[in-house]
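Below is one structure, written out as structure tokens; the observations come after it.
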Amino acid sequence: MIEKGKSVLLALLVVLSLVQSYSLAYNTPYKDAKVKSDSDYVKTERLGEEEKPDNLVFPEQLIIHLGDDKHTVFYPSTPTFYGLIMTKLKLREFKGLQRDSVESVDWDQIRKEDQGVELRFGRPVPFELLQKAFKIDGDFLFFGDSIDRIWIYSSKGRDEVRTFFFSSDDRYVYESMHADLTIGDVEGFVGFGQYWDPYSTSDGNVYAPDKPMARLFDMEVAYDKYTVEQMQDNLFDPGATRTIQSNKSGSQMYTDGKRGLKIEQDGTWLSYTDLVARTEVNNDLFDNVMSAIGFVDQHGGWNGKHLFVKDAESEAGDSVIRFQQYYKEVPIVSDKGLNFGYIQLFLEQGVVSTYNRSLVVLGEETTNKHKRELPGGEELRKKLQELRAGGRTVEALFPAMKPTIGEKSVRLTPAWAARLTTGEVVIVAESKLYA
4 MIEKGKSVLL ALLVVLSLVQ SYSLAYNTPY KDAKVKSDSD YVKTERLGEE
54 EKPDNLVFPE QLIIHLGDDK HTVFYPSTPT FYGLIMTKLK LREFKGLQRD
104 SVESVDWDQI RKEDQGVELR FGRPVPFELL QKAFKIDGDF LFFGDSIDRI
154 WIYSSKGRDE VRTFFFSSDD RYVYESMHAD LTIGDVEGFV GFGQYWDPYS
204 TSDGNVYAPD KPMARLFDME VAYDKYTVEQ MQDNLFDPGA TRTIQSNKSG
254 SQMYTDGKRG LKIEQDGTWL SYTDLVARTE VNNDLFDNVM SAIGFVDQHG
304 GWNGKHLFVK DAESEAGDSV IRFQQYYKEV PIVSDKGLNF GYIQLFLEQG
354 VVSTYNRSLV VLGEETTNKH KRELPGGEEL RKKLQELRAG GRTVEALFPA
404 MKPTIGEKSV RLTPAWAARL TTGEVVIVAE SKLYA
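Position 108 of the sequence shown, counted from 1, bears residue number 111 in my numbering, the numbering being contiguous throughout.
Structure, rendered in structure tokens:
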């Protein structure tokens, strides 16, 4: 009887101990307040929307190879065909990736003779990030690599479809030996392009239309702005912020003693800095991209659609991550002298040291729309040649919206933009009113 009583008492003590442990872990209302340091970020007011990583990774353009050296190009702004192709490809699985030399296939011959589609991402995308947008085999040894395009084609005279992922270093390709794509899929992609604008290329890299395009409109877009107070609350320690006297350019500067905030361009552009301790450990691109996405989610949010377009390394060794803003499925590209249309962050081991973004929040409704014509053919080729003559190498051409910021609205005007091998994006040719 005594031994039985001891067993019951011991069981009760064990239960009480478990209950107390649970209470200490989950029901102590002031626990967080006691351990929180003044260096922790404060809870922030939600301003813009949060974003999923897979929505920030999509092809900048789809090159459709029709065979017989005929080609066309779809952009996100051609949503019917672009959207149908992307919807189908996101449902397909890419398994059994096998690495080989990029020279193992004659790509000039494939481009001229075989039907297929190239997905061009503009800038290298880490395999881990690409895997969030496509069903790529997870059991893969080369996930440290980055990919800048995917080429899917059906071999002429052979009943097979081949799929290749191109390494950004131009040395390797990864072939998916078990991609569930059929000849019918490729024929469907090519069929969309049969009656679209013809494009041609002289180097296999830059594709330009053979005739003018008149599908885009210029427009006025009303906007709101994040206030200085909202961004201070999102980025600074409350109650510790002080203003530094504005400089001659009209910029406003603020600090909380550890972080700096600069507001310029009449309150439309933000530059934030935070001193980050240097480390000797190499930056991991995927980790930095994910940290950048999380930082924007928490501090300002996303004003519409964005595309991951740039990774680089600053002179100080920081990882530079940039997201291109789109409006109505068209990227916004500014001329020199105007900061607008992108979010850019510098990171060191996942910690943000610099944060640049627009404070303008574009509305959904548009007014004063006019149909515009983008040049093509020889006129556009001459513009591209002028860039090359200046010693700059063009790696991509795409339609964009050039912004002009007014007091209450932003004017968006179609133009051709080119991305250079340096990563810089420039306006190549303006549009004109369509008669």
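Even for Gly, the Cβ is constructed at its ideal location relative to N, Cα and C. Since this is a predicted model, take the numbers as computed values, not measurements.
Item                                                                                                                     : Value
Cα-Cα separation between V336 and P402, rounded to whole angstroms                                                       : 10 Å
Close-in-space but distant-in-sequence residues of the same chain around F289 (CB under 7 Å, 5 per side omitted)         : P129, E131, L132
Residues bridged to Q64 [DSSP beta-bridge criterion]                                                                     : R123
According to DSSP, residues forming a beta bridge with T276                                                              : G263, T357
Beta-bridge pairing of S107 - partner residues as DSSP gives them                                                        : Note: S107 sits in no beta bridge, so no partner.
Cut-off 6 Å between Cβ atoms - residues of its own chain near K313, not counting five sequence neighbours on either side : R126, R325, G426
Three-state secondary structure (DSSP) of F239                                                                           : coil
Terminal residues of the beta strand (DSSP E) in which S170 lies                                                         : 164 to 170
The beta strand (DSSP E) enclosing G366, as first and last residue numbers                                               : 363 to 377
Length of the line joining the Cα atoms of Y275 and Y229                                                                 : 14 Å
Given N371 as reference, the closest of Q352, T416, T357 once Cα atoms are compared                                      : T416
Close Cβ partners of F167 (< 6 Å) along its chain, the five nearest in sequence each way excluded                        : W154, V176, E178
Residue interval of the alpha helix (DSSP H) (run including E131)                                                        : 130 to 133
Pair within 8 Å by beta-carbon distance, V164 and I139                                                                   : no
Beta carbon of D206 nearer than 8 Å to that of K159                                                                      : no
Assigned secondary structure, V428 (DSSP; H/G/I helix, E/B strand, else coil)                                            : strand
Span of the alpha helix (DSSP H) around R391                                                                             : 380 to 392
Member of P212, G147, K55 whose CA lies at the smallest distance from the CA of K385                                     : P212
Start and end residues, beta strand (DSSP E) containing I408                                                             : 397 to 408
Unbroken beta strand (DSSP E) run spanning L415, endpoints                                                               : 412 to 423
Neighbourhood of N208 by C-beta distance below 7 Å, restricted to the same chain and skipping five residues each side    : E398
Residue range of the alpha helix (DSSP H) that includes F84                                                              : 82 to 94
N- and C-terminal bounds of the beta strand (DSSP E) containing I346                                                     : 345 to 351
Residue-chain proximity (R245, chain C), Cβ-Cβ < 8 Å                                                                     : Looking for chain C here will not work: only one protein chain is present.
Simplified DSSP state of F289, which is helix, strand or coil                                                            : helix
Cut-off 8 Å between Cβ atoms - residues of its own chain near V292, not counting five sequence neighbours on either side : P56, P129, L132, F311, D314, I324
Extent of the continuous alpha helix (DSSP H) run through V176                                                           : Segment 175 to 182 is the beta strand (DSSP E) holding V176; no alpha helix (DSSP H) there.
CB of P1 within 8 Å of CB of E332, strictly                                                                              : There is no way to answer for residue 1, as the model of the chain reaches only from 4 to 438.
Cutoff 6 Å; reference R95; Cβ partners in own chain excluding five residues on either side                               : D183, L184
K115 in three-state terms, based on DSSP                                                                                 : helix
Length of the line joining the Cα atoms of Q268 and S361                                                                 : 10 Å
For P406, the nearest candidate out of A225, S157, T81 (CA to CA)                                                        : A225
Beta-carbon spacing of T396, Y202 below 8 Å                                                                              : no
Option in R161, H181, V429, D103 with minimal Cα separation from S170                                                    : D103
Cross-strand partners of R152 (DSSP beta bridge)                                                                         : R123, F169
Contact under 8 Å by Cβ, Q64 with R123                                                                                   : yes
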